[in-house]
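Asks: The structure follows.
Chains as they are written, first to last, in my numbering: chain A, 230 to 497; chain B, 230 to 497.
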């Protein structure tokens, strides 16, 4: 299953070749949810070893169009982790202090230490997405950023950080349905942001920007996965599959106890 | 139930008046676990409103003797929260940079912003606990800290932070059993720290230090709760009850949508 979500490094691709409605071989939501629940138990066990071993860290980057399901993925998939080993960072419009530094400054501070899982809700990719689409900096500035991002992610990967990047892929119609739901459902109205409607008008420019970012910054040490996300249950399942595959490659294990552990006497 | 866990502000009390084996009116573990599961669903719903409302924040402080159950409480109770709205900070031995500042400097940085839940696994109370017991600073220094802590917590409370402090109360025998279990169970051995055995020898001094800290820093805006913790299932239940009671006092609600929300047209 994860094979179909993988992008071949170096290959230029188009997002419209990916079906946001894909549901793999799953016939029903219930069947998928059972598998997801099983995956989440496995992920929790893998995380405990990651935390105990203090050798690796995991950085999960989530990007999507508005209403693409970043918050939902964090709640329903990452919610399975022990919160003590998790740091979620939501990157919003930069503060004046952040803008007074290079674009990776605030991001670097939020990277996970050994044993930890860092989750980025949006990330440095915004600096080649919204920044590009809305021309917040000149092209000569944002165009250099793909290389900066690749160098930065290589530094992390060489330093024990396993990076996994998810683009949550929804259709333009699905976004409309979700924005309408936010507008009309009382307990979801707090998520309704009129600014999202302006961004929606730039859908095509965003697709171009995503395609270039995913193509140029797709490395074997920091791969992008395109997650079909029109169906939330399939999104959760697909993310959990990729995370298991990623963590299982790390040869996680509990650290060896000191050889003399049995010799300690616990005093009364 | 939460009444029995509350300490009356201003009253001097002794920890040996609290039974770490208490299980309230619960006849079985199963009965308590069902109630806890129900509480956790309620806590998650309350957290969503806290997060949406962006008005209050919640600071949960956990203190206990080694193996008292701080990690377990975070995993099994706080694990119910949406990780996006939670920051866990584990305070370990201070770094040289932290020691170059006042003892509240590193703590202040970790306090939760509006809408967030901050969880402290150990806290500034260590500066009147281990620091006092092991005489890491002179008495004239740590003795002033109760007032510093009270002033700091008042500042937070006056600024929208709801503070709740848990002392997880285990017996000396229960600690021995848990340390033995860590020593002997392969997947728990990574938690076995020989230094804990030295601390155990100072049990009496720690009890004195806890009693003074809990007595002197027990304010209605930052109350201590003594949680009977020999039984993990009762500990989890009791903590969840206190958290619900605390959050329900805040009059949490989803924010009002803008009055013109219905007038926006979502473009095709």
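Note that CB positions come from ideal geometry on N, CA and C, so glycine has one too. Quantities reported herein were computed from a predicted structural model and do not represent experimental measurements.
Which of the residues in the segment 316-340 of chain B, read from start to end, lie with their CB under 9 Å from any CB of chain A?
Replies: 316, 317, 319
Asks: Check each residue of the segment 294-317 of chain B: if its Cβ is closer than 8 Å to any Cβ of chain A, include it; give the result in chain order.
Replies: Along the segment 294-317 of chain B, going in chain order, the ones with a CB nearer than 8 Å to a CB of chain A are 300, 303, 304, 307, 308, 310, 311, 312, 313, 315, 316, 317.
Asks: In the structure shown, what three-state DSSP assignment does residue 384/B receive?
Replies: helix
Asks: Residue 495/A touches chain B at which residues, Cβ-Cβ below 8 Å?
Replies: 405, 408, 409, 412, 426, 429
Asks: With DSSP as the reference, label residue 457/A as helix, strand or coil.
Replies: strand
Asks: List, in order along the chain, the chain B residues whose C-beta lies closer than 7 Å to that of residue 416/A?
Replies: 483
Asks: Could you tell me whether any non-hydrogen atom of the ligand GDP is closer than 8 Å to the CB of residue 372/B?
Replies: Of the ligands one can find in the structure shown there are none, so the ligand GDP has no counterpart to examine.
Asks: In angstroms, rounded to a whole number, what distance separates the CA positions of residue 249/A and residue 302/A?
Replies: 15 Å
Asks: Quick check on the DSSP output: the alpha helix (DSSP H) that includes residue 305/A runs from which residue to which?
Replies: 299-305
Asks: For residue 356/A, count neighbouring C-beta atoms within 10 Å of its own C-beta (all shown protein chains included) and say buried if the count is 16 or more, exposed if not.
Replies: buried
Asks: In whole angstroms, what separates the C-alpha of residue 270/B from that of residue 264/B?
Replies: 10 Å
Asks: Taking 8 Å as the cut-off, does the segment 289-309 of chain B touch the segment 446-462 of chain B (at least 3 CB pairs, one atom from each stretch)?
Replies: Segments in contact, yes.
Asks: With respect to the alpha helix (DSSP H) encompassing residue 439/A, which residues constitute its N-terminal and C-terminal limits?
Replies: 432-445
Asks: If contacts are defined as beta-carbon pairs under 8 Å, then residue 286/B and residue 347/B qualify, I think. What distance do you get, rounded to the angstrom?
Replies: 7 Å
Asks: Can you list, in chain order, the residues of its chain with a C-beta nearer than 6 Å to that of residue 471/A? Leave out the 5 residues immediately preceding and following it.
Replies: 231, 454
Asks: Could you name each continuous beta strand (DSSP E) segment of 3 residues or more that falls completely within the segment 359-433 of chain A, going from the start of the chain to the end?
Replies: The DSSP assignment places complete beta strand (DSSP E) segments of no fewer than 3 residues inside the segment 359-433 of chain A at 390-398, in order along the chain.
Asks: So, with DSSP's three-state summary, where would you put residue 244/A?
Replies: helix
Asks: Could you give the C-beta distance for residue 276/B and residue 311/B, rounded to a whole number, given that I count them as a contact under 8 Å?
Replies: For a cut-off of 8 Å, the C-beta gap from residue 276/B to residue 311/B is around 6 Å, short enough to register as a contact.
Asks: Along the beta strand (DSSP E) that carries residue 317/A, what are the first and last residues, could you check?
Replies: 315-319
Asks: Go ahead and label residue 403/A buried or exposed: buried means 16 or more other beta carbons lie within 10 angstroms of its beta carbon, across all protein chains shown.
Replies: buried
Asks: How about residue 484/A and residue 432/B: are their beta carbons less than 9 Å apart?
Replies: no
Asks: Using beta carbons (cut-off 9 Å, strictly below), is residue 281/B in contact with chain A?
Replies: yes
Asks: Using three-state DSSP, classify residue 268/B as helix, strand or coil.
Replies: helix
Asks: Does residue 225/A come within less than 9 Å of chain B when only Cβ atoms are used?
Replies: Because chain A here runs from 230 to 497, residue 225/A falls outside it and cannot be looked at.
Asks: Please confirm whether residue 487/B has its beta-carbon closer than 9 Å to some beta-carbon of chain A.
Replies: Residue-level contact by beta carbon holds for residue 487/B and chain A, with a gap shorter than 9 Å.
Asks: So is residue 274/B buried or exposed if we call it buried at 16+ other beta carbons inside 10 Å?
Replies: Taking all protein chains shown into account, residue 274/B has fewer than 16 neighbouring C-beta atoms within 10 Å of its C-beta and is therefore exposed.
Asks: Among 241/B, 237/B, 317/B, 247/B, which one has its Cα closest to the Cα of residue 398/B?
Replies: That would be 247/B, whose Cα lies nearest to the Cα of residue 398/B.
Asks: When you compare only the Cα positions, how much space is there between residue 323/A and residue 266/B?
Replies: 39 Å
Asks: For residue 258/B, which of helix, strand or coil comes out of DSSP?
Replies: helix
Asks: Return the chain-ordered list of same chain residues with a C-beta closer than 7 Å to the C-beta of residue 444/A, the five sequence neighbours on each side being excluded.
Replies: 241, 242
Asks: Which stretch, first to last residue, makes up the alpha helix (DSSP H) that contains residue 328/A?
Replies: 325-328
Asks: Can you check whether the CB of residue 296/A is closer than 9 Å to the CB of residue 480/A?
Replies: Cβ distance not < 9 Å, so residue 480/A and residue 296/A don't count as in contact.
Asks: For residue 234/A, collect the residues of the same chain with a Cβ closer than 7 Å to its Cβ; drop the 5 residues on either side in sequence, then sort them by chain order.
Replies: 454, 455, 456, 467, 471
Asks: Quick check: is the beta carbon of residue 452/A nearer than 9 Å to any beta carbon in chain B?
Replies: no
Asks: The alpha helix (DSSP H) with residue 337/B in it runs from where to where?
Replies: 334-338
Asks: Quick one: Cα of residue 494/B to Cα of residue 430/A, how far?
Replies: 12 Å
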